[in-house]
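Beneath this line is the structure, given in C-alpha cells, with notes to follow.
Below you can see the structure in the form of C-alpha cells.
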C-alpha cells in the first residue's frame, strides 16, 4: 500500500512503541534545554564581564526559543493518549507491548 492510499496512522508509522519512544526522546531533549537554560541564567547573574553577559544572554535566548518550538511540537502526546484510549475501549485488540515496561 502506498503512502497516498494507506490509512493516516499507518502512513505516519504511528505505533504505540514508536510514539512512546519518540515522546521519551522529546522529553529528554526538553529536560536538557531546561537544565541548560537554568544553568546559563545562573551564570548570567554571577557574571561581571559585559561581553560574557551578552554571550550568556544569547545562549539563554537560544534555549528559550528552542523550548518554545519543541513544546509546540508535542502533539504526539495527544496522539498517544488517543491511541491508548482506543486500545482500552476495544478489549479484543492485541497488545502491542509484551507484559512489563514498554521500553
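Numbering (this note's numbering), first residue to last: 147 to 249.
Just so you know, even glycine gets a beta-carbon here, dropped at the ideal spot from N, CA and C.
- With contacts defined as CB atoms closer than 8 Å, residue 186 and residue 213 fail to qualify as a contacting pair.
- Secondary structure at residue 195: coil, using DSSP grouped into helix, strand and coil.
- Taking 8 Å as the cut-off, the beta carbon of residue 165 is found closer than this to the beta carbon of residue 229.
- If the five residues before and after residue 202 are omitted, its C-beta is found closer than 7 Å to the C-beta atoms of 186, 189, 190 and 193, all from its own chain and listed in chain order.
- In the displayed model, residue 214 falls within a helix according to three-state DSSP.
- Judged by their CB atoms, residue 176 and residue 207 are not nearer to each other than the 8 Å cut-off.
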